[in-house]
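Trainee: What follows is a single structure, and I will ask about it in a moment.
Residue numbers (the UniProt record's numbering), protein chains in the order written: chain L, 1 to 996; chain B, 1 to 211.
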């Protein structure tokens with residue numbers, strides 16, 4: 001048996017491999033072939049194909065050349081006088097008589113190529129599908145599209161009607177199989193990606209095939225096998241796994257369902273005995289076989305390969321085995337276990353009125369159909385429409401009733417309310433930041449923050465809750481949860497999520513639940529029940545969970561569920577937010593003002609210390625409500641109101657809210673709104689919503705937009721709003737950093753990590769100020785320029801400013817700036833003195849330093865162009881107020897005075913003075929002395945500037961004990977001023993890099 | 001042209017054109033946090049989850065295949081825009097609408113690998129195929145106007161794939177015309193002794209498409 005070879009004969013000319021299809025006629029006397037590379041459909045006599053095409057009889061019975069492009073699908077309607085349907089890449093489906101091949105009608109036109117066709121067992125319905133969206137069910141009687149089944153994501157490559165006419169199975173190029181219930185015309189079951197994925201590779205296609213008794217559906221499997229799925233449950237029954245080395249591309253059941261033949265991409269064709277799940281015969285071909293068909297009434301197999309060569313394999317099943325035709329399941333007899341077809345046809349229309357049965361009914365007595373029959377189906381359509389209409393009317397009526405009830409209730413409430421007060425505004429209800437209102441049948445967000453989201457969907461009495469991290473690479477994978485409580489609020493951070501529900505009647509009391517994302521101990525989630533009180537807001541942070549209830553209790557639990565603290569808060573809670581140790585709670589301070597403004601209080605607790613770090617009024621835009629509340633990425637408390645103003649809490653002015661973003665200013669069109677997710681130091685992260693929606697939908701996944709924070713500046717006459725904004729932003733950030741450093745220093749911690757950051761910040765601020773100065777100068781705003789100059793922090797920038805005004809030929813400003821510099825230098829001396837004093841240097845060494853430098857101002861007066869002496873210690877704005885000495889006083893007097901004041905303030909300065917590192921000091925001394933030597937030689941060359949640069953760098957760290965060469969200043973005054981201008985320019989150029 | 005599979009025909013295979021198209025920039029929404037990638041062709045990223053970034057198509061597809069991102073549909077690939085383009089293509093039989101140079105390849109790649117990221121994928125795909133058909137029909141009818149008097153052809157807004165299909169035919173046609181013309185030209189050149197004559201003799205420059 002093994003040695004026998006099936007001869008293939010060319011039927012379609014194909015230059016390259018193309019998908020071909022072949023099919024038997026209903027009586028088994030003819031075969032039909034088509035190729036995707038050929039526009040012709042050929043009908044052959046089976047005998048000539050079997051003969052191998054030798055001799056004159058090789059020409060086909062009929063050649064149909066009506067398609068404009070390759071033919072991709074064929075189907076022959078069952079029944080004695082069959083009909084042939086062909087689908088093509090030219091997007092059309094045509095009907096022909098069979099076996100004559102006479103054109104009958106154009107059935108349907110698609111917008112994209114057709115890939116698959118199938119007739120049901122009676123030939124009354126044709127299913128057609130391809131790259132289009134949806135499978136079209138076409139009633140063959142009048143060529144009307146009775147239904148479009150939508151649900152596949154890719155192009156549908158395989159269709160099969162269940163022999164009992166209940167289901168249609170379809171498979172797409174992604175390998176997803178869908179069972180469609182023909183009675184209701186909807187998805188009955190979906191098996192996602194069970195078959196190989198071919199994407200848009202159209203030379204291979206997934207197929208599927210019902211067993212003749214309709215009990216199982218065969219689908220190509222992912223492991224080069226064929227998988228059989230159960231008809232009713234969609235469960236895997238068994239797999240035919242064997243010698244295929246590549247995925248199975250085509251297969252076919254024998255008429256009795258006992259055997260199955262499969263062809264793989266490995267060019268093998270295997271015959272399987274389904275009962276024993278073993279292959280009983282195989283054959284290898286030169287090319288891939290892309291279509292197979294079992295002769296309906298014989299032991300023969302029709303094959304066609306990708307090159308368009310067709311052949312018939314006779315006596316496939318050895319005579320020793322059971323014939324493939326023996327015991328063909330007769331679905332009309334009692335052999336079908338559940339019910340028989342005729343009964344079904346009579347029963348169904350009365351119960352469900354499916355489209356399928358209706359068509360069957362109309363032609364119950366006339367199976368051989370013609371395509372010119374009148375449209376009797378339309379009556380049915382109208383009926384169903386009417387039914388639908390009635391349904392709709394009923395449901396709208398119900399809705400209206402409900403609505404009326406609601407309105408009544410609302411009225412009652414409203415009446416009682418108006419009697420109490422005339423104000424329409426209400427105190428805003430409690431909410432969770434980052435949540436969206438529930439929508440029936442849709443997912444909504446319980447929480448959405450910079451880390452991830454928690455979504456829920458209500459489904460038949462219980463909900464499904466999913467936790468997703470934006471960063472799928474790092475965030476832990478959290479299994480979805482079935483939620484029987486109906487959680488309405490949630491919060492999450494990196495380590496866990498907390499959920500709570502409102503109480504709904506007595507039996508459904510409010511519950512708080514915590515789910516850690518990972519824990520060293522198993523089963524470490526916990527829940528708490530609240531009797532007689534209701535959770536209104538939840539928050540969590542590092543190691544704690546907080547819930548605020550309707551009794552105005554703030555309950556704080558540990559991560560493990562221990563009840564740690566129970567506090568009373570001052571009013572009905574609005575919302576809560578957590579960040580590491582900090583918990584912020586917003587509550588109503590009183591009823592709304594007559595104007596309609598909300599009166600809200602905010603409190604910030606430090607959980608680990610058990611302290612209250614802030615308490616005050618939450619600021620809102622008039623007539624607005626709080627719509628988002630939380631901490632920024634760097635821990636700044638922030639709020640966003642319904643008028644679109646974002647405020648950040650700052651400790652400036654004893655704690656105040658700074659408006660940093662306005663939605664109305666940032667939006668590009670009127671109908672845009674911003675839904676805040678979070679913010680960091682410079683940017684706000686939000687989701688853009690278009691007007692009908694004021695909040696984002698879960699699907700499609702929302703995308704974050706980044707917008708810059710900016711102060712709501714008024715348009716200034718300077719015309720440099722962006723610079724002014726940058727100036728304010730940088731100032732704010734600098735103050736935040738300095739705050740942090742002070743806190744750290746107060747705790748006695750090392751602040752060196754922040755030093756660099758603070759220095760960069762100062763440099764950035766100075767660059768910004770310098771540019772503002774130059775704009776002020778060109779705009780002739782000299783007072784403003786001098787005010788700006790006072791705000792400069794770094795020595796280098798001071799010099800830069802001076803050079804700038806010199807270049808711009810503004811002598812008044814030049815004078816002003818010089819006096820500022822003098823003042824600054826005097827202050828520095830005090831600090832230097834203090835530093836020296838603190839670091840155990842003798843006062844004796846300090847005195848000469850002070851005296852020599854105190855003589856400087858007069859020199860500056862003479863020589864405005866001169867730059868500052870390089871080796872000056874860093875001036876410090878914070879410490880600026882310590883000195884009020886006049887620059888014109890005599891050196892001696894100053895020395896004494898300064899010493900006195902230094903002693904006075906020294907104690908105050910100790911914490912803020914930076915302790916110089918000893919190695920740096922040494923190194924610096926060397927540098928300084930080198931510079932001094934060079935200076936003495938009066939060589940203001942490259943070496944000199946190099947040394948000078950180094951020293952300016954070092955002078956940014958307060959360096960108290962540097963020996964200063966009195967000659968140094970004279971030489972440095974000769975320093976070409978152009979280099980300074982260069983440095984300013986450089987700063988300008990460097991500017992963009994400085995920004996993050 | 002070093003990568004051409006068949007330099008004689010001066011034609012790229014579709015996959016070669018597709019390869020070239022993979023350098024087009026698209027916008028993706030990553031779902032992972034990743035540092036910037038420093039490639040020879042430039043630096044891309046850093047990537048933050050849910051925040052859109054611009055990357056070349058090949059990188060986008062690679063990330064998509066690993067399900068590390070979703071690709072945002074380019075704004076020309078929306079149903080509205082494509083409908084407009086299709087209408088305009090149909091209305092003006094003598095000019096092409098501006099579309100990205102690689103629109104066929106980009107849409108193909110996106111349909112292959114990022115189908116779930118495209119809204120109304122079926123409609124978009126059928127629109128693109130329609131546009132392609134309309135444009136190609138225009139090219140075909142345009143080519144019929146080439147004659148011996150044509151010495152240059154100007155086609156504006158033609159896309160890569162369209163150029164690639166037309167190129168061998170166009171080049172060979174013009175070459176053939178040139179070859180058949182040349183003895184005459186040489187003769188004329190001998191007669192007049194001026195080099196400018198053949199050019200003037202070949203008639204005014206004729207555009208295949210206006211504009």
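C-beta: ideal position from N, C-alpha, C; glycine also.
Is DSSP giving residue 251/L helix, strand or coil here?
Mentor: Counting from 1 along the first chain, the entry for residue 251/L is found at position 251. Strand at residue 251/L.
Trainee: Shorter than 8 Å from the beta carbon of residue 168/B to some beta carbon of chain C?
Mentor: In the structure shown, chain C cannot be found, because the protein chains are L and B.
Trainee: For residue 37/L, would you say it is in contact with chain B, using Cβ-to-Cβ distances shorter than 8 Å as the test?
Mentor: Here the question's residue 37/L lines up with position 37 in the first chain. No, residue 37/L does not count as interfacial toward chain B.
Trainee: Comparing the C-beta of residue 1030/L with each C-beta of chain B, is any distance below 8 Å?
Mentor: Missing from the structure shown is residue 1030/L; chain L here goes from 1 to 996 and no further.
Trainee: Go ahead and pull the three-state DSSP assignment for residue 164/B.
Mentor: As a working mapping, residue 164/B is identified with position 164 in the second chain. Residue 164/B: helix per DSSP, three-state reduction.
Trainee: Does the CB of residue 107/B have a neighbour CB from chain L at under 8 Å?
Mentor: The count along the second chain starts at 1 and reaches residue 107/B at position 107. Closer than 8 Å: no.
Trainee: Closer than 7 Å, Cβ to any Cβ of chain B: which residues of the stretch 60-85 of chain L, in chain order?
Mentor: Under the 7 Å Cβ criterion, the stretch 60-85 of chain L contributes no residue.
Trainee: State yes or no: is the beta carbon of residue 473/L nearer than 8 Å to at least one beta carbon in chain B?
Mentor: Along the first chain, one-based indexing puts residue 473/L at 473. Yes - at least one Cβ of chain B is within 8 Å of the one on residue 473/L.
Trainee: Assign residue 867/L to one of three DSSP states: helix, strand, or coil.
Mentor: Residue 867/L sits at position 867 when you count from the first residue of the first chain. Below a pLDDT of 50, predicted positions are generally treated as unreliable, and residue 867/L, at 42, falls in that range; no measurement from the model is reported.
Trainee: Does DSSP put residue 520/L in a helix, a strand or coil?
Mentor: If you number the first chain from 1, residue 520/L lands on position 520. Coil, per DSSP.
Trainee: Name the residues in the stretch 94-112 of chain L whose C-beta lies less than 9 Å from a C-beta of chain B; which are they?
Mentor: Of all residues in the stretch 94-112 of chain L, 110, 111 and 112 have a Cβ within less than 9 Å of some Cβ in chain B.
Trainee: Going along chain L in order, which residues have a C-beta closer than 7 Å to the C-beta of residue 51/B?
Mentor: Locating residue 51/B in the second chain gives position 51, where the first residue counts as 1. The answer, in chain order, is 704 and 706.
Trainee: For residue 111/B, which residues in the same chain have their Cβ closer than 8 Å to its Cβ, ignoring the five residues on either side in sequence?
Mentor: As a working mapping, residue 111/B is identified with position 111 in the second chain. Here the set comprises 118, 121 and 125.
Trainee: What residue range is occupied by the uninterrupted alpha helix (DSSP H) comprising residue 738/L?
Mentor: Counted from its first residue, the first chain places residue 738/L at position 738. Unbroken alpha helix (DSSP H) run through residue 738/L: 721-746.
Trainee: Leaving out the 5 sequence neighbours to the left and right, which residues in its chain are closer than 6 Å to residue 524/L when beta-carbon positions are compared?
Mentor: Here residue 524/L refers to the residue found at position 524 when the first chain is read from its first residue. 516, listed in sequence order.
Trainee: Which residue's Cα is closest to the Cα of residue 92/L: 310/L, 28/L and 115/L?
Mentor: In the first chain, counting from the first residue as 1, residue 92/L sits at position 92. Closest by alpha carbon: 115/L.
Trainee: Tell me whether residue 321/L sits in a helix, a strand or coil according to DSSP, three-state version.
Mentor: In the first chain, the residue the question calls residue 321/L occupies position 321. It is coil, neither helix nor strand.
Trainee: Does any residue of chain B have a CB that is nearer than 8 Å to the CB of residue 154/L?
Mentor: By one-based count along the first chain, residue 154/L stands at place 154. Taking Cβ atoms only, chain B reaches closer than 8 Å to residue 154/L, which makes this a yes.
Trainee: Under 8 Å, Cβ to Cβ, is there at least one residue of chain B near residue 131/L?
Mentor: Within the first chain, residue 131/L is the residue found at index 131, counting from 1. Yes, residue 131/L counts as interfacial toward chain B.
Trainee: Answer yes or no: do residue 801/L and residue 792/L have a C-beta to C-beta separation smaller than 8 Å?
Mentor: In the first chain, the residue the question calls residue 801/L occupies position 801. In the first chain, the residue the question calls residue 792/L occupies position 792. Yes; because the gap between Cβ atoms is below 8 Å, this pair is in contact.
Trainee: Between residue 329/L and residue 468/L, is the Cβ-Cβ spacing less than 8 Å?
Mentor: Counted from its first residue, the first chain places residue 329/L at position 329. Counted from its first residue, the first chain places residue 468/L at position 468. Taking 8 Å as the Cβ cut-off, residue 329/L and residue 468/L do not qualify as a contacting pair.
Trainee: Within its chain, find whatever has a CB closer than 7 Å to the CB of residue 322/L; leave out the 5 residues flanking it on each side and keep chain order.
Mentor: Mapped onto the first chain, residue 322/L falls at position 322. Result list for residue 322/L: 258, in chain order.
Trainee: Return the CA-CA distance between residue 106/B and residue 305/L, expressed in angstroms with no decimal places.
Mentor: Taking the first residue of the second chain as position 1, residue 106/B is located at position 106. Taking the first residue of the first chain as position 1, residue 305/L is located at position 305. Computed Cα separation, rounded: 32 Å.
Trainee: Our contact map puts residue 781/L next to residue 713/L with C-beta atoms below 8 Å; I'd like the distance itself, whole angstroms only.
Mentor: If you number the first chain from 1, residue 781/L lands on position 781. If you number the first chain from 1, residue 713/L lands on position 713. That belief does not hold up - the Cβ atoms of residue 781/L and residue 713/L are roughly 16 Å apart, past 8 Å.
Trainee: Which one of 226/L, 456/L and 477/L has the shortest CA to CA distance from residue 490/L?
Mentor: The count along the first chain starts at 1 and reaches residue 490/L at position 490. Ranking 226/L, 456/L and 477/L by Cα distance to residue 490/L puts 456/L first.
Trainee: Measure from the C-beta of residue 668/L to each C-beta in chain B and report whether the shortest distance is under 8 Å.
Mentor: By 1-based counting over the first chain, the position of residue 668/L is 668. Not one chain B Cβ lies under 8 Å of residue 668/L.
Trainee: For a contact meaning CB atoms closer than 8 Å, what does residue 701/L contact in chain B?
Mentor: If you number the first chain from 1, residue 701/L lands on position 701. In chain order: 29, 50 and 70.
Trainee: Cutting at 6 Å between CB atoms, please list the residues of its own chain near residue 465/L, excluding the five before and the five after it.
Mentor: In the first chain, the residue the question calls residue 465/L occupies position 465. The answer, listed in chain order, is 456, 481 and 483.
Trainee: What are the complete beta strand (DSSP E) segments, minimum 3 residues, inside the stretch 99-182 of chain L?
Mentor: Those beta strand (DSSP E) runs which fall completely within the stretch 99-182 of chain L and span 3+ residues are 103-109, 114-119, 125-130, 135-139, 144-149, 156-161, 167-172 and 177-181.
Trainee: Look at the Cβ atom of residue 778/L, then the Cβ atom of residue 804/L, and state whether they are nearer than 8 Å.
Mentor: Here residue 778/L refers to the residue found at position 778 of the first chain. Here residue 804/L refers to the residue found at position 804 of the first chain. Contact: no.
Trainee: Report yes or no: do three or more beta-carbon pairs, one from the stretch 16-23 of chain B and one from the stretch 151-165 of chain B, lie closer than 8 Å?
Mentor: They touch, by the three-pair rule.
Trainee: Look at the alpha carbon of residue 966/L and the alpha carbon of residue 43/B, and state the distance between them as a whole number of angstroms.
Mentor: As a first step, residue 966/L must be located in the first chain, where it is residue number 966. As a first step, residue 43/B must be located in the second chain, where it is residue number 43. Any reading at residue 966/L must be qualified, since the residue scores a pLDDT of 45, below 50, and its modelled position is unreliable; no value is offered.
Trainee: Leaving aside the five residues before and after residue 278/L along the sequence, list all residues of the same chain whose C-beta is less than 8 Å from its C-beta, in chain order.
Mentor: To locate residue 278/L, count along the first chain from 1; it is residue 278. 242 and 272.
Trainee: By the three-class DSSP mapping on this structure, what secondary structure does residue 515/L have?
Mentor: To locate residue 515/L, count along the first chain from 1; it is residue 515. Looking at residue 515/L - three-state DSSP - the assignment turns out to be strand.
Trainee: Evaluate contact between the stretch 564-573 of chain L and the stretch 519-533 of chain L, counting only Cβ atoms and requiring at least three cross-stretch pairs below 8 Å.
Mentor: No, because fewer than three Cβ pairs between the stretch 564-573 of chain L and the stretch 519-533 of chain L fall closer than 8 Å, the two stretches do not touch.
Trainee: Grouping DSSP H, G and I as helix and E and B as strand, with all else coil, what is residue 257/L?
Mentor: As a first step, residue 257/L must be located in the first chain, where it is residue number 257. Three-state result, residue 257/L: coil.
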